[in-house]
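Asks:
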Amino acid sequence: MVKIFGYELKRLLTSGLFIAMLVVNAVFAWYVLTTDIIEGVAYTAPFSVWSCCGYFGKTLPLSMITVLLLQAGYYGKQQKRVDILIGASPLTYAQSLLIRTAVLGVCFLIICLIESILGVVFCAAFFGYYGFGAFILPTLLEIIPCFVFTIAVGHLVGRFHQGLIYVLLPIIFISSFGAAGAFDFFGGTFFSAYPMTLPLNPDGEPDFVINSLWLTARLIYLAAGTAILIVNSALSPKVKRA
Amino acid sequence: MRFFSLYRVELRRLLLTKQIWLIAALCLCTPLLGYTVYSPVVWETTSGLYIGNPVLAGTAAGAILWAIIAIVEGSRQRRSGTDVLAEASAPPTAHSAAKTTALMTISAAVTLLCALLYLPFTAAKLEYLFDAGFYFMNFLVFMLPTWWISILFADGLYRITRRAELSALLYAALVYISFSRFAERNYFMQWLNPVIGSYSDGFPDIWYLRLGLYTRLVWLCIAAGLWAFSLICARKYQKGLIGSFVCGLKKVYLPVCAAALAVTGAVLWNVQPFIGNGSDEYDLENENKFMDENMTSEAITTANHYLKLDPVFGTLSGKSEYQLNKVKEGENILRLNAGYKIKSMTYGGETINFRTVKEDINGQYDTYFELPYKHGQKLIIEYGGYLTAARCYMPMVSTSIGSNYIRMTGTDCMPKLANYFVMKTDLEVTLPDGLTPFLGSEHKPLTDFTDNGDGTRTYRTALDVDYITDFVAGNYVTDEFSSDDYDFRFIYGDIYRSAVDKYDVRQTICSVFDYCTEHYGKPLYIDGDAFLLFQMNSMTGGGYAVSGMSTWLEDVISPNTLSDSNRGANATEIFIHEMIHQWWGGVGMWCDEDGLWSAEGLTVYSTYRIVKEKYGELYANQYYVEDWKREVAEQDRNFYNRHPEYLEKLPEHYSEQLSALNQSVNKYKRMPLMLLKAEELLGGEEQMDAVLKQMFADYNESVDGQYPVTYKEFLDYCGLTEEDLKLG
Numbered sequence: 427m428v429k430i431f432g433y434e435l436k437r438l439l440t441s442g443l444f445i446a447m448l449v450v451n452a453v454f455a456w457y458v459l460t461t462d463i464i465e466g467v468a469y470t471a472p473f474s475v476w477s478c479c480g481y482f483g484k485t486l487p488l489s490m491i492t493v494l495l496l497q498a499g500y501y502g503k504q505q506k507r508v509d510i511l512i513g514a515s516p517l518t519y520a521q522s523l524l525i526r527t528a529v530l531g532v533c534f535l536i537i538c539l540i541e542s543i544l545g546v547v548f549c550a551a552f553f554g555y556y557g558f559g560a561f562i563l564p565t566l567l568e569i570i571p572c573f574v575f576t577i578a579v580g581h582l583v584g585r586f587h588q589g590l591i592y593v594l595l596p597i598i599f600i601s602s603f604g605a606a607g608a609f610d611f612f613g614g615t616f617f618s619a620y621p622m623t624l625p626l627n628p629d630g631e632p633d634f635v636i637n638s639l640w641l642t643a644r645l646i647y648l649a650a651g652t653a654i655l656i657v658n659s660a661l662s663p664k665v666k667r668a
Numbered sequence: 019m020r021f022f023s024l025y026r027v028e029l030r031r032l033l034l035t036k037q038i039w040l041i042a043a044l045c046l047c048t049p050l051l052g053y054t055v056y057s058p059v060v061w062e063t064t065s066g067l068y069i070g071n072p073v074l075a076g077t078a079a080g081a082i083l084w085a086i087i088a089i090v091e092g093s094r095q096r097r098s099g100t101d102v103l104a105e106a107s108a109p110p111t112a113h114s115a116a117k118t119t120a121l122m123t124i125s126a127a128v129t130l131l132c133a134l135l136y137l138p139f140t141a142a143k144l145e146y147l148f149d150a151g152f153y154f155m156n157f158l159v160f161m162l163p164t165w166w167i168s169i170l171f172a173d174g175l176y177r178i179t180r181r182a183e184l185s186a187l188l189y190a191a192l193v194y195i196s197f198s199r200f201a202e203r204n205y206f207m208q209w210l211n212p213v214i215g216s217y218s219d220g221f222p223d224i225w226y227l228r229l230g231l232y233t234r235l236v237w238l239c240i241a242a243g244l245w246a247f248s249l250i251c252a253r254k255y256q257k258g259l260i261g262s263f264v265c266g267l268k269k270v271y272l273p274v275c276a277a278a279l280a281v282t283g284a285v286l287w288n289v290q291p292f293i294g295n296g297s298d299e300y301d302l303e304n305e306n307k308f309m310d311e312n313m314t315s316e317a318i319t320t321a322n323h324y325l326k327l328d329p330v331f332g333t334l335s336g337k338s339e340y341q342l343n344k345v346k347e348g349e350n351i352l353r354l355n356a357g358y359k360i361k362s363m364t365y366g367g368e369t370i371n372f373r374t375v376k377e378d379i380n381g382q383y384d385t386y387f388e389l390p391y392k393h394g395q396k397l398i399i400e401y402g403g404y405l406t407a408a409r410c411y412m413p414m415v416s417t418s419i420g421s422n423y424i425r426m427t428g429t430d431c432m433p434k435l436a437n438y439f440v441m442k443t444d445l446e447v448t449l450p451d452g453l454t455p456f457l458g459s460e461h462k463p464l465t466d467f468t469d470n471g472d473g474t475r476t477y478r479t480a481l482d483v484d485y486i487t488d489f490v491a492g493n494y495v496t497d498e499f500s501s502d503d504y505d506f507r508f509i510y511g512d513i514y515r516s517a518v519d520k521y522d523v524r525q526t527i528c529s530v531f532d533y534c535t536e537h538y539g540k541p542l543y544i545d546g547d548a549f550l551l552f553q554m555n556s557m558t559g560g561g562y563a564v565s566g567m568s569t570w571l572e573d574v575i576s577p578n579t580l581s582d583s584n585r586g587a588n589a590t591e592i593f594i595h596e597m598i599h600q601w602w603g604g605v606g607m608w609c610d611e612d613g614l615w616s617a618e619g620l621t622v623y624s625t626y627r628i629v630k631e632k633y634g635e636l637y638a639n640q641y642y643v644e645d646w647k648r649e650v651a652e653q654d655r656n657f658y659n660r661h662p663e664y665l666e667k668l669p670e671h672y673s674e675q676l677s678a679l680n681q682s683v684n685k686y687k688r689m690p691l692m693l694l695k696a697e698e699l700l701g702g703e704e705q706m707d708a709v710l711k712q713m714f715a716d717y718n719e720s721v722d723g724q725y726p727v728t729y730k731e732f733l734d735y736c737g738l739t740e741e742d743l744k745l746g
């Protein structure tokens, strides 16, 4: 299983689509940093936790679109022909799904890592700021539920038709303009609006707090995504051996 | 015939490649850069914003994309190792020409698609100002030829070097030259990024299109010359560059074509009539010296000028006759637009020798001549040519001869004699019949005309002036109406007629003038009760006022201005704002702008007061005071305003952006709020009006208001301090 994971990962990481989209993501992330985040999210410092969450809120839609494009490759005609061979292996459908999810997860994390490195370079070069410890937890809370939910829905609809994954792309794009308050899927809009409602500290900025409603929403997305993944693997037909 | 069959094959092949579709798709996206990150048009009118910027962005970015595909396609056969086979099966010259022509054909189709794609959005943004012809002309003049130039350069460079990375590097150097500081004031060097200073919305002028077309023609010749040269360098018989070049010379037509094209480009560049070759700075000293000589002259004369304008080619043909009472001994000087050539000069029927010194002074040449010492004869000067723009004013061009708009100033119309003072000037001017002409800084209309029956009219007038300072002709309409205090003559572009009706502009003018006169006093330049309001083409870049008239720029009523929420809550209120500039800033009281204290702030405050009187306190508070408070609070919350030390760490571009934003908030929001506070501290609106009225009156009385009013002076009038007006 580890071996197949390695092969799958290598195949995806060396694909032209991933490399091209990685470059596009990096360019877009730098554009967001230097045109939007540089002003500071909700008038806070560009290196505040609010700005960090706002930054990922704006870059996540493109990251998720990239992951969905990669995921669509698993449900293409060519892949279906390969699936017959995979079906001949001792790998179960659930294991195969897990491997694919893990491979896509690594791709997603690489994109996020590149974006994080750009963010670090941005904060260090422009503002001489290096205290990134406080950014980790809110960032993980923001990106992981997004990934799990999207990938789960992607697998679910991909089972029926590859084209349905492409239908998800404009939905992702539209939801990036999110107006769902704490349930804002990517958080871009939420992190621009929520700090404006908080009291200011003596420095004139709101202190960072994890809003309980937002936290609940993240957990719901995570739980829903996990549930869809489990149901999807459980409902799958058993792989018939030749 | 071989060429056409190869062309069909290449075109079909290219259309079947994925790269060409990708490049085409990216090219269709490039104008979007003009809405966001790339805005080369200097004076941003609505046409500049929604036609100029996107077209120029698409031109530059698209050209680079086409260069990439040209290099990729050029190197394709070599990369696949099929170049030897291809050369054996098809004549290389015809094959290269077919491939390049196919690429240029596809780029032409993409240009058309691009124009069609952005047409609905542009038409919606420009509303009644949209001119489809002008819109498509921009794509055809700027985008298409530049893409072709780029393809020819890239393809030519690859064929010479036969290395993709080297040709890309050389192409990048060409791109750099076009954007470099070296080309910043040398507009003909800008092969990739043609210049547009300003586009008029209501009087669409084709000056920049003419320049763009000419520069594209120059660069097409140069690029085609390089491309033809590259055909000579095409590798043959496994030889290197030099060996192949020597073989290539045997086809005599290739070096002849290359040389002819390059020489044509160079000659066209050299003889260009559009921009003078003078200094980048206005030469005030020389201008004053010439005026002084003119003032000291004693010879008195009368003059007849006959002008014929050709709006298609932008040329003037003129004849000036001077009845000289007395001849000045020695050398005489006349000054004329540098684009005009004196064809002949006679005095009393006798041909006079003259010498034009090709030293450009503010877009003009001086001509020296000596007259026989015979008094009372007639001096006749015939001249003509293309109206040249002075380099010192570039990239803004305020003078032009076009079919929709004509503006000429001073020596653009007629020669200016240094040594003769003209007592009476008779003018006869022939121009297209759709244009209404106005003369002088007062914009007096010419009404006496003869219809020539060939689509032109000849206007005649007699003036008691030495010289015509300003000649404007456009598709104007004149409205006459009265308010309680004034009779207005409102002259504006015919295209704005629907906007004038829709936004009830006449009523707005009346109410603003009556309100402001009552509350702040009568402006100095209003002579008597009749007042002329003249709409100027935005290409002039600024307005002015003289006794009895004031100009206002067409931007005031453009859809873009009327949707700027900084100036008012709706289009009518924004127009009120612009009209109040007759009192504060512009042609009214000059303010010493210090980043906070500004004419804009006073104007926004006065707009609020008029709106309050018109619609009530609740409305004015909701759309003005609450908006000011919110924006000021946001400005105070801004991280960089709280920590200005971080501004220094930012790249200059970002700090400038923030500074511009702060200036805007200071002018449009903070200062009106401070004025409102001053009003409260003074005891109410009446007291505030008394202060502003006094300040305005004193300004008008003080040497015609030559000194700007400072913030400190305003505080002194109020009896307040800076501390008093600080917002808490």
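Residue numbers (our numbering), protein chains in the order written: chain A, 427 to 668; chain B, 19 to 746.
Cβ coordinates follow ideal geometry from the N, Cα and C atoms, glycine included.
What residues in the stretch 664-678 of chain B have a beta carbon less than 7 Å from any beta carbon of chain A?
Replies: Listed by position, the residues of the stretch 664-678 of chain B near chain A (Cβ gap below 7 Å) are Y664, K667, L668, Y672.
Asks: For A/T470, return the contacting residues in chain B, with the cut-off set at a CB-CB distance below 8 Å.
Replies: Locating residue 470 of chain A in the first sequence gives position 44, counting from the first residue. Here the neighbours are F657.
Asks: Under the three-state reduction of DSSP, which class applies to B/N322: helix, strand or coil?
Replies: On the second sequence, residue 322 of chain B is found 304 positions in, with the first residue counted as 1. Strand.
Asks: So B/M694 and B/V622 are supposed to be a Cβ contact under 8 Å. How far apart are they, rounded?
Replies: In the second sequence, the residue the question calls residue 694 of chain B occupies position 676. In the second sequence, the residue the question calls residue 622 of chain B occupies position 604. Before going on, a small fix: residue 694 of chain B reads as Leu here, not Met. Going by Cβ atoms, the distance from B/L694 to B/V622 rounds to 10 Å, so no, they are not a contact pair.
Asks: Could you check whether A/F586 and A/T460 sit closer than 9 Å to each other, using their CB atoms as the reference points?
Replies: Translated into positions along the first sequence, residue 460 of chain A becomes position 34. Translated into positions along the first sequence, residue 586 of chain A becomes position 160. No, the pair does not count as a contact, with Cβ atoms beyond the cut-off.
Asks: Take the Cβ of A/A668 as the centre, count every other Cβ of all protein chains shown within 10 Å, and call the residue buried at 16 or more, exposed below.
Replies: For the purposes of this step, residue 668 of chain A is taken as the residue at position 242 of the first sequence. For A/A668, the predicted structure reports a pLDDT of 40, less than 50, and the residue's modelled location is therefore unreliable. A value from the coordinates is still provided. Under this definition A/A668 is an exposed residue.
Asks: Confirm, please, whether the CB-CB distance from B/W61 to B/M414 is below 9 Å.
Replies: Position 396 of the second sequence holds residue 414 of chain B. Position 43 of the second sequence holds residue 61 of chain B. Yes; because the gap between Cβ atoms is below 9 Å, this pair is in contact.
Asks: Between B/L137 and the rest of its own chain, which residues show a CB-CB distance below 8 Å, the 5 nearest in sequence each way excluded?
Replies: The count along the second sequence starts at 1 and reaches residue 137 of chain B at position 119. So the list reads A150, Y153, once near-sequence residues are dropped.
Asks: In whole angstroms, what is the alpha-carbon distance linking B/D220 and B/V574?
Replies: Here residue 220 of chain B is taken as the residue at index 202 of the second sequence, counted from 1. Here residue 574 of chain B is taken as the residue at index 556 of the second sequence, counted from 1. Asp is not the amino acid found at residue 220 of chain B; the sequence shown has Gly there. Taking the straight line from one Cα to the other gives about 11 Å.
Asks: Pair every Cβ in the stretch 398-412 of chain B with every Cβ in the stretch 124-141 of chain B, then say whether three or more of these pairs are closer than 8 Å.
Replies: They do not touch, by the three-pair rule.
Asks: Given a limit of 9 Å on CB to CB distance, which residues of the stretch 628-649 of chain A reach chain B?
Replies: Cβ contacts with chain B: D629, G630, E631.
Asks: Check whether the Cβ atoms of B/N380 and B/Y300 sit closer than 9 Å, and answer yes or no.
Replies: In the second sequence, residue 380 of chain B corresponds to position 362, counting from 1. In the second sequence, residue 300 of chain B corresponds to position 282, counting from 1. Yes, the Cβ-Cβ distance between B/N380 and B/Y300 is below 9 Å.
Asks: Is there at least one Cβ from chain A nearer than 9 Å to B/R648's Cβ?
Replies: Here residue 648 of chain B refers to the residue found at position 630 of the second sequence. By this cut-off, B/R648 is not an interface position.
Asks: At a CB-CB cut-off below 7 Å, which residues of chain B make contact with A/G557?
Replies: Position 131 of the first sequence, counted from the start, is the residue given in the question as residue 557 of chain A. Within 7 Å Cβ-Cβ: nothing; A/G557 doesn't reach chain B, min ~15 Å.
Asks: Can you check whether the C-beta of A/K664 is within less than 9 Å of a C-beta belonging to chain B?
Replies: Within the first sequence, numbered from 1, the residue matching residue 664 of chain A stands at position 238. Low per-residue confidence applies at A/K664: pLDDT is 48, beneath 50, and the placement is therefore not dependable enough to give any value.
Asks: Short check: CB of B/C251 to CB of B/A280, under 9 Å?
Replies: In the second sequence, residue 251 of chain B corresponds to position 233, counting from 1. In the second sequence, residue 280 of chain B corresponds to position 262, counting from 1. No, the pair does not count as a contact, with Cβ atoms beyond the cut-off.
Asks: In terms of alpha-carbon separation, which member of B/N350, B/F506, B/S720, B/D512 lies closest to B/Y391?
Replies: The sequence position of residue 391 of chain B within the second sequence is 373, counting from 1. When only C-alpha atoms are compared, the closest one is B/N350.
Asks: Which residues, in order along the stretch 622-645 of chain B, keep a beta-carbon less than 8 Å from a beta-carbon of chain A?
Replies: Per Cβ criterion, the list is empty.
Asks: With a cut-off of 8 Å on the beta carbons, I'd call A/Y555 and A/F473 a contact; round off their distance for me.
Replies: The residue labelled residue 555 of chain A in the question sits at position 129 within the first sequence. The residue labelled residue 473 of chain A in the question sits at position 47 within the first sequence. Going by Cβ atoms, the distance from A/Y555 to A/F473 rounds to 4 Å, so yes, they are a contact pair.
Asks: Could you check how far apart the C-beta atoms of B/A108 and B/L24 are, in whole angstroms? I think they sit under 8 Å.
Replies: Here residue 108 of chain B corresponds to residue number 90 of the second sequence, with the count starting at 1. Here residue 24 of chain B corresponds to residue number 6 of the second sequence, with the count starting at 1. Rounded, the Cβ-Cβ distance is 6 Å, consistent with contact.
Asks: Does the stretch 450-460 of chain A come close enough to the stretch 484-504 of chain A to have 3 or more Cβ pairs within less than 8 Å?
Replies: Touching, yes, given that three or more Cβ pairs across the two stretches are closer than 8 Å.
Asks: B/Y658 by DSSP, collapsed to three states: which one?
Replies: In the second sequence, residue 658 of chain B corresponds to position 640, counting from 1. Note: B/Y658 maps to helix in three-state DSSP.
Asks: Counting only C-beta atoms, is A/F552 closer than 9 Å to chain B at any point?
Replies: As a first step, residue 552 of chain A is located in the first sequence; it is residue number 126 there, counting from the start. Yes, A/F552 lies at the interface with chain B (some Cβ there is under 9 Å from its Cβ).
Asks: On the criterion of 16 or more Cβ atoms from any shown chain inside 10 Å, does A/K666 qualify as buried, or is it exposed?
Replies: Here residue 666 of chain A is taken as the residue at index 240 of the first sequence, counted from 1. Caution is warranted here: a pLDDT of 46 is assigned to A/K666, below 50, making its placement in the model unreliable, and the coordinate value is therefore given only provisionally. Result: exposed.
Asks: Show which residues of chain A have a CB atom less than 7 Å away from the CB atom of B/R688.
Replies: Locating residue 688 of chain B in the second sequence gives position 670, counting from the first residue. Those within 7 Å of B/R688 in chain A number zero; the least Cβ separation is about 16 Å.
Asks: Is the stretch 439-447 of chain B close to the stretch 233-247 of chain B, with three or more CB pairs under 8 Å?
Replies: With the cut-off at 8 Å, the stretch 439-447 of chain B and the stretch 233-247 of chain B do not touch.
Asks: Using alpha carbons as the reference points, say which of B/E388, B/L354, B/G452 lies closest to B/T429.
Replies: The sequence position of residue 429 of chain B within the second sequence is 411, counting from 1. Nearest C-alpha to B/T429: B/L354.
Asks: When you compare only the Cα positions, how much space is there between B/F499 and B/T54?
Replies: Numbered from 1 along the second sequence, position 481 holds the residue referred to as residue 499 of chain B. Numbered from 1 along the second sequence, position 36 holds the residue referred to as residue 54 of chain B. So the alpha carbons of these two residues sit roughly 42 Å apart.
Asks: Please report the distance separating the alpha-carbon of B/D610 from that of B/K434.
Replies: Here residue 610 of chain B is taken as the residue at index 592 of the second sequence, counted from 1. Here residue 434 of chain B is taken as the residue at index 416 of the second sequence, counted from 1. Distance between the alpha carbons of B/D610 and B/K434: 37 Å.
Asks: Would you mind stating whether B/S568 and B/L551 have Cβ atoms separated by less than 9 Å?
Replies: Walking along the second sequence from the start, residue 568 of chain B turns up at place 550. Walking along the second sequence from the start, residue 551 of chain B turns up at place 533. Their beta carbons are under 9 Å apart, which means B/S568 touches B/L551 by this criterion.
Asks: Count the other CB atoms within 10 Å of the CB of B/G357; is the residue buried (16 or more) or exposed (fewer)?
Replies: The residue you call residue 357 of chain B lines up with position 339 of the second sequence. With 16 or more other Cβ atoms within 10 Å, it is buried.
Asks: So what's B/A166 in DSSP terms, helix, strand or just coil?
Replies: Taking the first residue of the second sequence as 1, we reach residue 166 of chain B at position 148. Before going further, note that residue 166 of chain B is Trp rather than Ala in the sequence given. Three-state result, B/W166: helix.
Asks: Quick check on the DSSP output: the alpha helix (DSSP H) that includes A/K484 runs from which residue to which?
Replies: What you label residue 484 of chain A is simply residue 58 of the first sequence in a count that begins at 1. Unbroken alpha helix (DSSP H) run through A/K484: 475-498.
Asks: Give the DSSP bridge partners of B/T468, in chain order.
Replies: For this step, residue 468 of chain B is matched to residue 450 along the second sequence. Answer is B/T476, bridged to B/T468.
Asks: Report the CB separation of A/T652 from A/V529 in whole angstroms; it is logged as a contact under 8 Å.
Replies: By one-based count along the first sequence, residue 652 of chain A stands at place 226. By one-based count along the first sequence, residue 529 of chain A stands at place 103. Not a contact, Cβ separation roughly 18 Å.
Asks: DSSP puts B/N355 in a beta bridge; with which residues?
Replies: As a first step, residue 355 of chain B must be located in the second sequence, where it is residue number 337. Answer by DSSP bridge pairing, in chain order: B/Q382.
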